[in-house]
Amino acid sequence: MQRMFFKIKNYSMSQVKENNTVKVNYTGKLSDGQVFDSSEGKEPLEFTLGQGQLIPGFEKGLIDMKLNEKKTITVAKAEAYGEINDDLRQEVKNTELPQDIKPEVGMGLTSKSPDGQEMKLHVVEVKEESIVVDGNHPLAGKDLIFDLEVIAISDAEIIK
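When we follow my numbering, the leftmost residue of the sequence shown carries the number 588, and every step to the right adds one.
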């Protein structure tokens, strides 16, 4: 078994750049101030920039931030979850639903697209003989505000 070691080139680099692994405390809010996600009371978010793990605007907002720096960024919907796609909203007759489901607004459902991909849907309306489901991300069509604090920056390389 071959061992791999990691050498931390510089754990407290001066500024965040592409391919850095960062730890961030954050709070995500809508324009009306409603909090939709936060690391408060949890572990900080840790990820590597440029890997596509997070929405593009969040990653771009961290570029050039310094260790322990705090700032607030606004991420336009195009750099977040995009515009609302009306084609992802559809009405489904109750007869097409599994019998054991009693749909309620906000309920999450999973469906398969015609090409076999799994889709996450949420119920947005319950009618007498049907429901309306939406396949858009719940934050689609919204600009997002993030309070950010960079608490660690590292640049690791594998040593063989």
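Beta carbons are placed, not taken as given, at the ideal position from N, Cα and C, and that holds for glycine.
Which residues share a DSSP beta bridge with residue 709? The sequence position of residue 709 within the sequence shown is 122, counting from 1. Paired residues: 695 and 721.
Considering only DSSP beta bridges, list what residue 659 is partnered with. If you number the sequence shown from 1, residue 659 lands on position 72. Its beta-bridge partners are 734.
Return helix, strand or coil for residue 594, following the three-state DSSP convention. As a working mapping, residue 594 is identified with position 7 in the sequence shown. For residue 594, the predicted structure reports a pLDDT of 49, less than 50, and the residue's modelled location is therefore unreliable. The matter cannot be settled from this model.
From the DSSP output, in three-state form, read off residue 667 for me. For the purposes of this step, residue 667 is taken as residue 80 along the sequence shown, with counting starting at 1. Reduced to three states, the DSSP call for residue 667 is coil.
8 Å CB neighbourhood of residue 692 in its chain, flanking five on each side removed: Along the sequence shown, one-based indexing puts residue 692 at 105. 710, 711, 712 and 713, listed in sequence order.
Cα-Cα separation, residue 742 to residue 674: As a working note, residue 742 is residue 155 in the sequence shown. As a working note, residue 674 is residue 87 in the sequence shown. When rounded, the distance between both Cα atoms is 42 Å.
Cβ pair count under 8 Å reaching 3, the region 723-731 against the region 657-670: yes
Given residue 605, which residues of its chain have a CB within under 8 Å of its CB, disregarding the five upstream and five downstream residues? Within the sequence shown, the letter at position 18 stands for residue 605. Once the five neighbours on either side are set aside, the close Cβ partners of residue 605 are 636, 637 and 650.
Between residue 643 and the rest of its own chain, which residues show a CB-CB distance below 7 Å, the 5 nearest in sequence each way excluded? Walking along the sequence shown from the start, residue 643 turns up at place 56. Only 666 meet the Cβ criterion.
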